Structures are given as structure tokens and as C-alpha cells.
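Here's the structure we're looking at; comments come further down.
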Amino acid sequence: IRISRGILLKGNGMAEIWPDVWPLALFAIVAVVVAVRSFHETLD
2 IRISRGILLK GNGMAEIWPD VWPLALFAIV AVVVAVRSFH ETLD
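Going by our numbering, the sequence shown wraps up at 45, each residue one higher than the last.
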């Protein structure tokens, strides 16, 4: 919510929202890596 409010209402750039974005980005990267490895194991 803070990210979308900052972008849409306040016009914040990446520098202002980075403290809120990096945990989400890290979680997304970890989730994709786990999903790819899991899917790759089902192909073997």
C-alpha cells in the first residue's frame, strides 16, 4: 500500500520507495528460484 500510494499520489521515485521495494524484490527472486528448481526436478 505504501509503495502504490507513494508512486500514485506523491509522485515518489525509486529512491524514495526503495526501502519498501527491496524486501518484496528479494522475496520474489527467492520464490522464482525455488519454483524453477522444483519444476526442473519434476522434469528429470
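Even glycine gets a Cβ: it sits at the ideal position worked out from N, Cα and C.
Since we're looking at a predicted model, the values are computed, not measured.
Rounded to whole angstroms, the gap between the alpha carbons of valine 22 and serine 5 is 11 Å. Counting only the Cα atoms, leucine 25 lies some 27 Å from threonine 43.
Within the same chain, Cβ atoms closer than 6 Å to the Cβ of arginine 3 are found at Asp21, the five residues on either side in sequence being excluded. The straight-line gap separating the alpha-carbon atoms of valine 34 and tryptophan 19 is approximately 22 Å.
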